[in-house]
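One structure below.
2 protein chains.
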Amino acid sequence: MARQERAIRTRRTILDAAAAVFDERGYTSATIGEILGRAGVTKGALYFHFGSKEELALGIFEEQLAVTLPPQSSKLQELVDSGLVLALRLCTDPLVRASVGLALDQGALGLDRTPAFRMWIDQITRTLAEAKARGELLPHVEVAETAELLVGSFSGVQLLSQLRCQRQDLEQRVVVLFQHMLPGIAVPAVLARLDISADRGRRALDAGRLEPATGKAAVDAEADRRAGEVAGR
Amino acid sequence: MARQERAIRTRRTILDAAAAVFDERGYTSATIGEILGRAGVTKGALYFHFGSKEELALGIFEEQLAVTLPPQSSKLQELVDSGLVLALRLCTDPLVRASVGLALDQGALGLDRTPAFRMWIDQITRTLAEAKARGELLPHVEVAETAELLVGSFSGVQLLSQLRCQRQDLEQRVVVLFQHMLPGIAVPAVLARLDISADRGRRALDAGRLEPATGKAAVDAEADRRAGEVAGR
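Rendered as structure tokens:
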């Protein structure tokens with residue numbers, strides 16, 4: 001158990017170093033050597049967890065999702081909470097910033113950025129499907145379509161916030177996003193009870209917990225990608 | 001008059017060449033020399049219209065906006081039309097694609113990308129303000145905030161569409177965006193009459209016209225930027 005804990009801690013140290021290097025130098029220019037130097041671990045330790053630069057990026061995507069928030073009375077409140085927590089973490093956690101930066105880096109040579117979006121879209125699709133099963137959604141809502149829209153819109157809103165003011169107004173912009181979207185998604189009785197305030201992210205995060213990821217999702221995504229290559233997709 | 005027409009045509013030739021070079025090589029790597037070669041014009045002709053690589057980018061931003069669509073019975077229908085026309089032109093016009101690509105290129109060294117977003121936001125703000133004056137908007141809508149949200153969301157939705165399928169489903173994604181946003185913006189009587197179908201962009205563009213820009217907006221934006229520098233903003 002102690003050994004596993006140590007491995008998880010080393011994994012996170014490596015990911016934090018990779019996030020910092022990707023953020024400063026860009027994915028394409030960053031080298032494993034620089035990440036090793038920054039992390040202060042051995043080559044063997046790094047390659048035990050990550051086989052390549054791309055696996056490091058996948059690890060960052062996955063780690064960013066490893067947050068558990070407290071359950072709420074509606075699934076749509078949980079959706080709002082996760083969006084506002086992501087907005088907050090984008091302002092405070094370099095690993096989360098690197099994750100979104102990599103996903104949106106059109107110049108990242110050799111990096112398949114689709115797993116990042118797929119992870120976000122899958123997570124929101126699950127939450128919306130549960131909301132639908134509980135009768136929280138308006139009848140016309142198509143869960144997959146709405147999930148893609150939310151992920152796309154959030155990505156663009158945070159890009160604009162970054163450009164305009166280094167994300168200082170990001171939480172408020174995400175509030176505005178939900179205020180505009182939710183009337184087209186939620187039944188009125190649920191809509192009326194949603195708390196969509198800018199400090200909601202801080203409160204939800206304080207009540208939740210961050211859990212270091214195990215690396216499984218990254219491995220799955222990589223296997224999926226390789227299977228796709230074999231199938232000639 | 002003939003001379004002015006020729007100048008406008010040369011300006012567009014240069015911008016098309018710049019758009020192609022920026023698209024292929026990225027803003028940072030592109031050189032004026034390559035753009036000259038592609039455009040087949042003299043150095044003097046290029047510098048008559050554009051003083052620098054950044055002015056070429058501003059010219060592309062401006063040219064992309066130079067489209068006039070037929071007036072509709074509601075201002076919100078005009079907003080929908082302009083969004084769907086932009087989606088269509090992103091799929092068909094390399095200059096429009098370059099414009100959005102430049103605006104979203106985080107690696108574009110030395111390029112101030114804010115004028116592009118400002119032009120889009122200003123245009124939508126004007127349309128929404130007119131819609132508000134006509135009583136088309138729900139009372140709580142704040143025009144500037146909603147305009148920023150629409151531009152941010154559109155940017156992200158098109159990025160995701162580009163990543164997933166080279167923008168083949170962009171028009172449909174923009175339909176979904178409007179379907180989700182407009183119930184939070186429009187009064188019901190206007191909402192019920194809006195045409196938000198994927199082929200709306202094609203119909204609006206066929207009935208409208210593209211007008212070559214004169215370069216004035218780019219000059220204004222540059223003057224604005226320089227004034228900002230002087231004021232130490």
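For the protein sequence lines, the chains are A and B, in the order given. Using full-length UniProt numbering, count along the first sequence one by one with no gaps and you end on 233. Using full-length UniProt numbering, count along the second sequence one by one with no gaps and you end on 233. Yeah, the Cβ is synthetic: ideal placement off N, Cα and C, and Gly gets one too. Every value quoted in this text rests on a predicted model; they were computed, and no experiment measured them.
Asked                                                                                                                   : Found
Three-state secondary structure assigned by DSSP to T42 (chain A)                                                       : coil
Separation of K53 (chain B) from I32 (chain B), as counted between CA atoms                                             : 7 Å
Within 8 Å, strictly: CB atoms of V151 (chain A) and A129 (chain A)                                                     : no
The stretch 30-50 of chain B / the stretch 93-108 of chain B touching (three or more Cβ pairs under 8 Å)                : no
Three-state secondary structure (DSSP) of L137 (chain B)                                                                : strand
Chain B within 8 Å of E148 (chain A), Cβ atoms only                                                                     : yes
Three or more C-beta pairs below 8 Å linking the stretch 104-120 of chain B and the stretch 178-197 of chain B          : no
Residues within the stretch 178-196 of chain B neighbouring chain A, beta-carbon criterion of under 9 Å                 : Q179, H180, M181, L182, P183, G184, I185
Identity of the residue in A:L163, A:A20, A:L159, A:S155 nearest L160 (chain B) by Cα                                   : A:S155
Under 8 Å between C-beta atoms of L69 (chain A) and A204 (chain A)                                                      : yes
Local Cβ density within 10 Å of E24 (chain A), reported as buried at 16 or more and exposed below that                  : exposed
I14 (chain B) - containing alpha helix (DSSP H), residue span                                                           : 2-25
Own chain partners of G232 (chain A) with C-beta closer than 8 Å, once the 5 adjacent residues on each side are dropped : Confidence at G232 (chain A) is low in this model, with a pLDDT of 44, below 50, so the placement of that residue should be treated as unreliable; the coordinate-derived value is given next. No residues qualify anywhere along the chain.
V187 (chain A), enclosing alpha helix (DSSP H) - first and last residue                                                 : From DSSP, V187 (chain A) is part of no alpha helix (DSSP H); its letter is neither H nor E.
Which of helix, strand or coil DSSP assigns to A221 (chain A)                                                           : Only weak support is given to the placement of A221 (chain A): the predicted model assigns it a pLDDT of 48, under 50, and the value that follows is read from those uncertain coordinates. Here A221 (chain A) sits in helix by DSSP.
For H140 (chain A) and R11 (chain A), the rounded distance between their alpha carbons                                  : 43 Å
Run of the alpha helix (DSSP H) containing L76 (chain A), from where it starts to where it stops                        : 75-92
Same chain only: Cβ atoms within 8 Å of residue 234 (chain B), ignoring 5 sequence neighbours per side                  : No answer is possible for residue 234 (chain B): the residues shown for chain B start at 1 and end at 233.
Endpoints, alpha helix (DSSP H) assigned at S153 (chain B)                                                              : 143-165
In DSSP terms, what R200 (chain A) is bridged to                                                                        : According to DSSP, which records beta bridges pairwise, R200 (chain A) is partnered with nothing at all.
Assigned secondary structure, L210 (chain A) (DSSP; H/G/I helix, E/B strand, else coil)                                 : strand
Among A:K75, A:A7, A:G40, A:R200, the one whose alpha carbon lies nearest that of G135 (chain A)                        : A:K75
C-alpha gap between R193 (chain A) and A87 (chain B), whole angstroms                                                   : 35 Å
Collapsed DSSP secondary structure at T31 (chain B) in the structure displayed                                          : coil
CB contact below 8 Å: R113 (chain B) versus chain A                                                                     : yes
C-alpha distance - L84 (chain A) paired with L137 (chain A), whole-angstrom precision                                   : 20 Å
Segment limits, alpha helix (DSSP H) that includes F61 (chain B)                                                        : 53-65
Neighbour flag for F117 (chain B) against chain A, beta carbons, 8 Å                                                    : yes
Residues sharing a beta bridge with T68 (chain B), DSSP                                                                 : B:R209
is_contact[A20 (chain A), chain B] using C-beta, thresh 8 Å                                                             : no
Status (buried if at least 16 other CB within 10 Å, exposed otherwise) for P115 (chain A)                               : buried
Where A103 (chain A) falls: helix, strand or coil (DSSP)                                                                : helix
Delimiting residues of the alpha helix (DSSP H) encompassing R113 (chain B)                                             : Segment: none, R113 (chain B) is in no alpha helix (DSSP H) and carries neither H nor E.
Length of the line joining the Cα atoms of T13 (chain A) and G40 (chain A)                                              : 9 Å
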